[in-house]
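Here is the structure we will look at, set down as structure tokens.
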Ligand code: BEZ
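In our numbering, the protein residues as written are 53 to 263.
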């Protein structure tokens with residue numbers, strides 16, 4: 053199935069390391085990150101899941117629930133979690149989906165046959181409280197993801213969902229934002245009481261409005 057930004061995140065029932073879940077019910081009213089990895093007991097995946105566990109407070113602060121997925125079985129996931137905890141100095145604190153029949157991987161187009169016809173690639177889906185897909189990223193098996201970048205895009209998504217701004221290149225939380233072109237200068241004066249700098253008519257910078 054081809055998913056696009058703005059589509060509803062398909063719902064599913066899944067067996068996870070924390071029991072059987074209905075994905076939409078599990079998400080509740082908050083934000084979610086669903087991410088796949090190629091296989092249990094592999095080095096890059098071990099570091100990725102360890103880092104995700106260490107960032108628990110950062111995800112909690114942003115009201116984001118995390119859930120991982122691979123096509124390995126539940127006993128494999130559980131055994132691997134012990135290794136992740138031991139080698140990465142953490143405690144895995146989020147569920148891992150056992151997608152042995154690949155139903156969810158196919159629903160989310162996480163298997164890219166020209167890369168590998170059996171294993172999931174490194175997909176990331178960020179889902180908003182409205183259950184719509186806000187962001188998708190795909191990495192190959194050979195490249196571990198940067199979870200600080202995932203936190204950075206969550207900050208941008210959460211900011212731009214509620215304010216008429218966009219975030220410029222390499223933006224980090226706390227830095228100036230750009231006012232979206234649909235907002236006139238007159239509207240901007242009211243909407244952004246901290247003011248704005250007009251570099252060009254289409255390039256207007258304002259301090260981050262939610263601080
Ligand atoms: C890894 O996680 O290290 C990995 C998994 C599949 C292919 C290559 C690397």
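The C-beta atom is built at its ideal place from N, Cα and C for all residues, glycine as well.
Whole-angstrom distance between residue j and residue i, CA atom to CA atom
{"i": "residue 148", "j": "residue 79", "result": "14 Å"}
{"i": "residue 244", "j": "residue 216", "result": "9 Å"}
{"i": "residue 196", "j": "residue 237", "result": "43 Å"}
{"i": "residue 105", "j": "residue 144", "result": "5 Å"}
{"i": "residue 171", "j": "residue 99", "result": "18 Å"}
{"i": "residue 274", "j": "residue 210", "result": "This structure leaves residue 274 out entirely; the chain is present only between 53 and 263."}
{"i": "residue 56", "j": "residue 204", "result": "21 Å"}
{"i": "residue 125", "j": "residue 154", "result": "11 Å"}
Exposure of residue i, with buried meaning 16 or more beta-carbon neighbours within 10 Å
{"i": "residue 174", "result": "buried"}
{"i": "residue 141", "result": "exposed"}
{"i": "residue 165", "result": "exposed"}
{"i": "residue 186", "result": "buried"}
{"i": "residue 251", "result": "exposed"}
{"i": "residue 139", "result": "exposed"}
Chain-order list of residues whose beta-carbon lies under 8 Å from that of residue i (same chain, five-residue window excluded)
{"i": "residue 214", "result": "262"}
{"i": "residue 233", "result": "254"}
Cut-off 6 Å between Cβ atoms - residues of its own chain near residue i, not counting five sequence neighbours on either side
{"i": "residue 74", "result": "65"}
{"i": "residue 132", "result": "92 and 93"}
{"i": "residue 176", "result": "87 and 189"}
{"i": "residue 158", "result": "none"}
{"i": "residue 178", "result": "85, 186 and 187"}
Option nearest residue i by Cα separation, candidates the options
{"i": "residue 81", "options": "220, 209, 183 and 225", "result": "183"}
{"i": "residue 192", "options": "242, 87, 53 and 111", "result": "87"}
{"i": "residue 71", "options": "156, 146 and 202", "result": "146"}
{"i": "residue 180", "options": "157, 170, 167 and 207", "result": "207"}
{"i": "residue 241", "options": "112, 256 and 115", "result": "256"}
{"i": "residue 112", "options": "229, 135 and 84", "result": "84"}
Cutoff 7 Å; reference residue i; Cβ partners in own chain excluding five residues on either side
{"i": "residue 246", "result": "258 and 259"}
{"i": "residue 137", "result": "143 and 144"}
{"i": "residue 116", "result": "82, 83, 84, 85 and 206"}
Distance cut-off 8 Å: residue i Cβ against heavy atoms of ligand 3
{"i": "residue 225", "result": "For ligand 3, the structure offers nothing, since it holds only ligand 1."}
Any chain B beta carbon closer than 9 Å to residue i
{"i": "residue 218", "result": "Absent here is chain B; the protein component of the structure consists of one chain."}
(message) Please enumerate, following chain order, all residues with a beta carbon closer than 5 Å to at least one heavy atom belonging to ligand 1.
(response) 90, 94, 95, 96, 97 and 193
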